[in-house]
Each structure stands twice: as structure tokens, then as C-alpha cells.
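Some notes on the structure that comes next.
Number of protein chains: 2
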Amino acid sequence: MEKDCLKLENQLCFPLYAASRNVIKKYKPFLDELDLTYTQYITMMVLWDLKEINVKELGNKLYLDSGTLTPLLKTLESKGYVSRVRSSSDERNLLICLTAEGGKLKDKAASIPTKVSKCINLNPDEALSLYKILYKILEGGE
Amino acid sequence: MEKDCLKLENQLCFPLYAASRNVIKKYKPFLDELDLTYTQYITMMVLWDLKEINVKELGNKLYLDSGTLTPLLKTLESKGYVSRVRSSSDERNLLICLTAEGGKLKDKAASIPTKVSKCINLNPDEALSLYKILYKILEGGE
DNA sequence: TTAAAATAAATTGTGTACAATTGAATTGTA
DNA sequence: TACAATTCAATTGTACACAATTTATTTTAA
């Protein structure tokens, strides 16, 4: 009986992993219009909200490290959506700042959450339940 | 109000993406002992169950394409866990077969699901609810 | 029956993820 | 105040993901 534990259909992590990729794919046609990948998009979300943040804090919010963020932020800089400046008070910190160009993207992105949620077949109860469980996983360990 | 839709904390996809990576990380110490990555592990799960499958069907089960699977399966072959043989009835198909060595891994893996579930802070109701919602997402579109 | 269409895997190229290491800047402390 | 420890970002190296294209094989339909 122990063996059924190793069947794909009895796993919780596998559908979590597959559903995550599945939903991210639904963003693609909308994000293509903004010339953003999904990871770049969630980075821009933080910046649309805060305007400025250093790499460390950004990594804490996105659960990503500098190995992922450094090249991604250089790409966003090359697109003109953010600037990268060393903090004068502590040269170890790199400040990521939203540019005017990056700010304009927010308007174009405003309709994306609604459009994507229409592609996902969940009712409000399920969505809320999912949200709570996912944050319980995220908070329950790191 | 439209603007709050673009806040990270109001997204459903972001915690899905973050929780997926968070849980996969919990497998790492256990999978390191088997010299498997998470993607290699779920591939082995299919093979422990079916013994043999072609790349196309494997991709359907894992929601992955040949671009991901081809190099991964070559790695598993080099580790001695699978063999790769063209189907004689249709040379387009590549059959992936569990080797004896690969079969032995199943015993070593048997305890992993229990160990990982102890690292995830969910009660049985939450786990079942999550499972159902994730499969609803997966079935609801592709 | 043979040429076009379809199918399967491999390949190519880009962009993450992430562990581990490095290097520069800052902080704590003897 | 030096200097060891810490912190932050960048770098290095490996392994996915995935879109798009290519190559080989098989199927189909004229």
C-alpha cells in the first residue's frame, strides 16, 4: 500500500506545480503585448506599488534571490522600465526605481487580472479558499 | 479601485507560483539522496507505475514537452535509471523504459511523500480541498 | 502510389530558478 | 581603531520550461 504514495495522481505537489505553470501560461498572450515575462510582470507589480525598492527586499517579496533577479532587472532596465542605482547611504544596496516609461505600463496592465481570472474556471469561494491555503503554505515554512 | 487588482497581495497566481516553488524546495534534501531533481522525480514516478511509456504520453501526464523532456531523459539514461529505445512499430516514438537500477530507487523513494507532507503545514481537509481545486484548474483548460 | 499532411522527438534560443561562490561595503567588537 | 563577521549583489554553473523550428517517419488522400 505504501507504493500508492508514489503515484503521480496521489501527490499534492505535482498538481500544484502543474497548475502554477498552467496559469502562468494563460498570462502569456496578455503579457506579450507589454513585452514582459511573468516574472518580470510580478516584479513590475511591486514597483507599480512602491516605486522604489532594493534587490534584497524585492527578493523577499517575490521569494526570489539575486541569482534570478540580477539578470531580470538588467533586462527590465534595458527595456527602459526600471533604473538601477546604488544606494548612496549603503553602497551594498542596489535601488530599483520605476521609470516614467515603466509607470505607463501600469495602465496597459490594468485589465490583465480580470482577463486572466476569466480563463480560470474557479468560483469565488474556491478562489478564496485556494488563496488562504496557498498563503498558509507560504507562511508555514521557508 | 482598478489599481488594487495589480497589487501582488491580491493575486491568486502569485501565491500559486510561490507555493509551488516553496514545496518543491522541501523535496530537495530527500531527492538529493537519490540524485534526482524534482522534475526527474515525477518522471520516475510515472515509470515506477507504468514501467514503460513514450515521450509524448509522458509529456501528456507531466504537462511537459519534448524540449524539456529530451535532455531530462538523456540525463536519467546517463544515471542508469531509464533506457531510451525507438519503437519498432513506429520509429517516431521513443520508448522510455524503467531499468532494474531505476526500479530499485522506488524503495528508497517510498518514504519521501510522508516526509514532505510533514514539512507542509496543512490539515487533511485543507490538503483535499487544495487537491480538488488544483485539478479543477488543470482540467478547466489547456 | 506518391506527394502532401500529420505526427513525434530533437534542436535552438531565451529566460528563469537556485545552489554555491565571490567581491565589495558595512558593522560589531576586542 | 583594526579586523573579523556580516550583508548585499553579482557571478558561475546546472537544470529546467517553453516557443519555434527542424528532421525523420508515418498516414492520408488525390
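Those sequence lines, one after another, are chains A and B.
Start counting the first sequence at 40; every next residue gets the next number (our numbering).
Start counting the second sequence at 40; every next residue gets the next number (our numbering).
Heads up, the beta-carbon is just placed ideally off N, CA and C, and yes, glycines get one too.
Cβ neighbours of residue i in the same chain (closer than 8 Å, five flanking residues each side left out)
i	result
Asn49/B	Asp43
Val85/A	Ile92, Leu97, Lys100 and Leu101
Leu161/B	Leu169
Assigned exposure category for residue i - 16 Cβ within 10 Å defines buried
i	result
Val94/B	buried
Pro152/A	buried
Ala58/A	buried
Gly119/B	exposed
Gly141/B	buried
Val121/B	buried
Val62/B	buried
Lys65/B	buried
Val155/A	buried
Leu167/B	exposed
DSSP-derived helix/strand/coil call for residue i
i	result
Asn160/B	coil
Thr177/B	The question names Thr, but residue 177/B in the sequence shown is Leu. Three-state result, Leu177/B: helix.
Ser150/A	coil
Ser122/A	strand
Glu130/A	coil
Asp43/A	helix
Sequence-distant residues of its chain with Cβ nearer than 6 Å to residue i (five each side left out)
i	result
Lys6/B	Residue numbering for chain B in the displayed model covers 40 to 181; residue 6/B lies beyond these limits and cannot be assessed.
Asp146/A	none
Val124/A	Leu134
Chain-order list of residues whose beta-carbon lies under 7 Å from that of residue i (same chain, five-residue window excluded)
i	result
Leu70/A	Thr76, Tyr77 and Tyr80
Leu111/A	Thr78, Gln79 and Thr82
Leu266/A	Since the first and last residues shown for chain A are 40 and 181, residue 266/A lies out of range.
Ala148/A	Leu73
Tyr174/B	none
Asp104/B	Gly98
Residue i - containing alpha helix (DSSP H), residue span
i	result
Leu97/A	Val94 to Leu101
Cys136/A	From DSSP, Cys136/A is part of no alpha helix (DSSP H) but of the beta strand (DSSP E) over Leu133 to Leu137.
Leu115/A	Ser105 to Ser117
Thr28/A	Summary: the structure shown does not reach residue 28/A, with chain A confined to residues 40 through 181, and so no result is reported for it.
Where the beta strand (DSSP E) through residue i begins and ends
i	result
Ser59/B	No beta strand (DSSP E) holds Ser59/B; the alpha helix (DSSP H) holding it covers Cys52 to Asp71.
Worksheet item: Residues in the stretch 156-175 of chain A with C-beta within 7 Å of chain B's C-beta atoms, listed in sequence order?
Response: Cys158, Ile159, Asn160, Leu161, Glu165, Ala166, Ser168, Leu169, Tyr170, Ile172, Leu173, Tyr174 and Lys175
Practice prompt. Could you run through the stretch 93-127 of chain A and flag, in chain order, every residue whose CB is less than 7 Å away from some CB of chain B?
Written response: Lys100 and Tyr102
Practice prompt. Below 7 Å between beta carbons is the criterion; list the residues of the stretch 67-82 of chain A that meet it against any residue of chain B, in chain order.
Written response: Ile81
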